[in-house]
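Participant:
Residue numbers (the numbering used here), protein chains in the order written: chain Z, 85 to 199; chain F, 279 to 390.
1) Which stretch, first to last residue, makes up the beta strand (DSSP E) that contains residue 137 (chain Z)?
2) For a contact meaning CB atoms closer than 9 Å, what does residue 174 (chain Z) contact in chain F?
3) Restricting to Cα atoms, I'd like to know which of Z:150, Z:193 and Z:87 is closest to residue 172 (chain Z).
4) So what's residue 283 (chain F) in DSSP terms, helix, strand or just coil?
5) Determine, using beta carbons only, whether residue 344 (chain F) comes closer than 7 Å to chain Z.
6) Pick helix, strand or coil for residue 168 (chain Z), following the three-state DSSP scheme.
7) Step through the CB atoms of chain F and report whether any lies within less than 7 Å of the CB of residue 126 (chain Z).
8) On the DSSP bridge assignment, give the partners of residue 389 (chain F) in chain order.
9) Could you work out which residue in F:374, F:387, F:281 and F:373 is closest to residue 128 (chain Z) when comparing CA atoms only?
10) Taking a Cβ distance cut-off of 8 Å, strictly less, list which residues of the segment 123-153 of chain Z are near chain F, in chain order.
11) If you follow the beta strand (DSSP E) that residue 132 (chain Z) is in, where does it begin and where does it stop?
12) Using only alpha-carbon positions, find the residue among Z:115, Z:89, Z:86 and Z:93 that is nearest to residue 377 (chain F).
13) Could you tell me which chain F residues have their CB closer than 9 Å to the CB of residue 192 (chain Z), listed as they occur along the chain?
14) Judging by CA-CA distance, which residue of F:374, F:303, F:370 and F:297 is the nearest neighbour of residue 286 (chain F)?
15) Please list, in chain order, the chain F residues whose beta carbon lies closer than 7 Å to that of residue 99 (chain Z).
16) From the beta carbon of residue 160 (chain Z), is the nearest beta carbon of chain F less than 7 Å away?
17) Which residue's Cα is closest to the Cα of residue 374 (chain F): F:295, F:305 and F:327?
18) From which residue to which residue does the beta strand (DSSP E) around residue 196 (chain Z) run?
19) Closer than 9 Å by beta-carbon distance: list the chain F residues that pair up with residue 187 (chain Z), in chain order.
20) Output needed for residue 288 (chain F): all residues of its chain with C-beta closer than 6 Å, excluding positions within five of it in sequence on either side, in chain order.
21) Does DSSP classify residue 312 (chain F) as helix, strand or coil?
22) Applying the 10 Å Cβ sphere with the 16-neighbour rule, what's the burial state of residue 371 (chain F)?
23) What residues of chain F sit near residue 165 (chain Z), judged by a beta carbon separation below 7 Å?
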């Protein structure tokens, strides 16, 4: 499967612990996005990269969230000191550079449950 | 910033009937409007999109219309089938960025 790959697919953690999710985009895609989705809501933008540069980060994102894409390929999203409100599905997506409107392709998501 | 509103939140139709989902956006400079379908427990997948230089686009039973003056765009599904049951999301891209702003979704149920 050459689509966007995310792992782990499911993570249960205790409040206060740190968690890290990994995303491997489609191989030739140089834009990578992170979104968060809760039940009954649309995907909420967190951040995106073009190659290794983080171009935009949501103002809603607290300092406990950090994302990296060190070599312009895979990306990690770390959540420090998790809170119950962080429970959600974290979606990664990727696309090709080009005119606005290049299709973004989503991964299957990483479900986080904070207990 | 860009805001996308989507209605209705749930929609039930009889198999074979049409379904229409509407979205409005706030930034008049937005110029690309995709629609995604998300089945339960699966990833959102693009089903159709439209750019601001056209008013309508069709792909078999699915069509999207865009009214730039009113800042709204709609998804039309004709001859609905049970496999059309899913959550549908619209999105817009604010100018000067490549991030997608999604609507809150419409849960479509097609009743057999």
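Just so you know, even glycine gets a beta-carbon here, dropped at the ideal spot from N, CA and C.
Facilitator: Checking against the coordinates, here is how it stands:
1) The residue labelled residue 137 (chain Z) in the question sits at position 53 within the first chain. Unbroken beta strand (DSSP E) run through residue 137 (chain Z): 137-141.
2) Mapped onto the first chain, residue 174 (chain Z) falls at position 90. Within 9 Å Cβ-Cβ: nothing; residue 174 (chain Z) doesn't reach chain F, min ~12 Å.
3) By 1-based counting over the first chain, the position of residue 172 (chain Z) is 88. When only C-alpha atoms are compared, the closest one is Z:193.
4) Indexing the second chain from 1 puts residue 283 (chain F) at position 5. Reduced to three states, the DSSP call for residue 283 (chain F) is strand.
5) The count along the second chain starts at 1 and reaches residue 344 (chain F) at position 66. False, the Cβ-Cβ gap to chain Z never drops below 7 Å.
6) Here the question's residue 168 (chain Z) lines up with position 84 in the first chain. Three-state DSSP puts residue 168 (chain Z) in a helix.
7) On the first chain, residue 126 (chain Z) is found 42 positions in, with the first residue counted as 1. Judged by the 7 Å Cβ criterion, residue 126 (chain Z) is in contact with chain F.
8) Walking along the second chain from the start, residue 389 (chain F) turns up at place 111. For residue 389 (chain F), which the question treats as bridged, DSSP gives the partners F:292.
9) Along the first chain, read from residue 1 onward, the residue named residue 128 (chain Z) stands at position 44. Residue F:281 is the option with its Cα nearest to residue 128 (chain Z).
10) 124, 125, 126, 127, 128, 129, 132, 134, 139 and 140
11) Within the first chain, the letter at position 48 stands for residue 132 (chain Z). Note, residue 132 (chain Z): beta strand (DSSP E), 128-134.
12) What you label residue 377 (chain F) is simply residue 99 of the second chain in a count that begins at 1. Ranking the options by Cα distance to residue 377 (chain F), first place goes to Z:115.
13) The sequence position of residue 192 (chain Z) within the first chain is 108, counting from 1. The answer, in chain order, is 319, 320 and 321.
14) Locating residue 286 (chain F) in the second chain gives position 8, counting from the first residue. Considering only alpha carbons, the answer is F:297.
15) Stepping through the first chain from its first residue, residue 99 (chain Z) is reached at position 15. Residues of chain F passing the Cβ test: none, with the nearest at roughly 25 Å.
16) One-based indexing of the first chain puts residue 160 (chain Z) at position 76. It does not: the Cβ of residue 160 (chain Z) has no partner Cβ on chain F nearer than 7 Å.
17) Numbered from its first residue, the second chain carries residue 374 (chain F) at position 96. Taking only the C-alpha atoms, the option nearest residue 374 (chain F) is F:305.
18) For the purposes of this step, residue 196 (chain Z) is identified with residue 112 of the first chain, where counting begins at 1. Element bounds for residue 196 (chain Z): 194-198.
19) Numbered from 1 along the first chain, position 103 holds the residue referred to as residue 187 (chain Z). Simply 312, 324 and 327.
20) If you number the second chain from 1, residue 288 (chain F) lands on position 10. So the qualifying residues of the chain are 385.
21) Position 34 of the second chain, counting from 1, holds the residue named residue 312 (chain F). Residue state, collapsed to three classes: strand.
22) For the purposes of this step, residue 371 (chain F) is identified with residue 93 of the second chain, where counting begins at 1. By the 10 Å Cβ count, residue 371 (chain F) comes out buried.
23) Position 81 of the first chain, counting from 1, holds the residue named residue 165 (chain Z). The premise fails here: residue 165 (chain Z) is roughly 26 Å from chain F at the closest Cβ pair, so nothing lies under 7 Å.
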